[in-house]
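Numbering (the UniProt record's numbering), first residue to last: 1 to 244.
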């Protein structure tokens, strides 16, 4: 436009209305409920044991010097105690991991939302705490399985043998080693997996739209890493529990 004096006058466009500042870190994020955590943990634990029991038997025998089974039944000896007991163990791991994550974010442990996204270190801390707590349940499970493999007894026979020969407290032999093992392993499972998945979906072009595949690859990588880190302590635990 021109002013009365002939000079050109520029008018600036009106300013845009202000938008509320929000940050991902401060935004609430959805989380599983307490019952959902327990359900997912229980189902995943039983599924894992049913598919991995022969590998566990191989590990137990290699660590304790027990002869390898010669029958299919032998490779699955102890699967009942593992499957029936691993459900509450993994349920507790999922439950406490979820509760600790909510508490770290500033929310109630019973809430269905977190108040903010956690940092990678905070995720690892939540997983570590959940793993340590679960050792109270997991130690008797491994103790009974190892004694079944060693003695060739039934579940009830193994329980009776331990109670008569050593007393009820020996069911928790190796609990400290189990706590260290599970703390590291669960921290890797819950803390390392999302870190790897986030890296893959951001930096690998083929995986940017394949979140499920990225999550699966991340879980495998985190599981292998956690297994390598925990194996020495797992061997200590198995030797302690076999030497009854």
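All C-beta atoms in this analysis are idealised placements derived from N, C-alpha and C, irrespective of residue type, glycine included.
Just so we're clear, the structure is a prediction, and the values are computed from it rather than from any experiment.
Asked                                                                                                             : Found
Residue 160, buried or exposed, once every other Cβ within 10 Å from all chains shown has been counted against 16 : exposed
Contact set for residue 229: own chain, Cβ-Cβ below 6 Å, skip 5 residues either direction                         : 184
Short Cβ contact (8 Å threshold) for residue 63 with residue 186                                                  : no
CA-to-CA distance, residue 174 to residue 89, given in whole angstroms                                            : 16 Å
Secondary structure of residue 77, DSSP reduced to three states                                                   : coil
Three-pair Cβ contact test at 8 Å for the segment 135-145 versus the segment 68-88                                : yes
Contact under 8 Å by Cβ, residue 97 with residue 190                                                              : yes
First through last residue of the alpha helix (DSSP H) which encompasses residue 45                               : 34-64
Buried or exposed by the 16-neighbour rule on C-beta atoms within 10 Å, applied to residue 241                    : buried
Residue nearest to residue 74 in terms of C-alpha spacing, selected from 53, 208 and 194                          : 53
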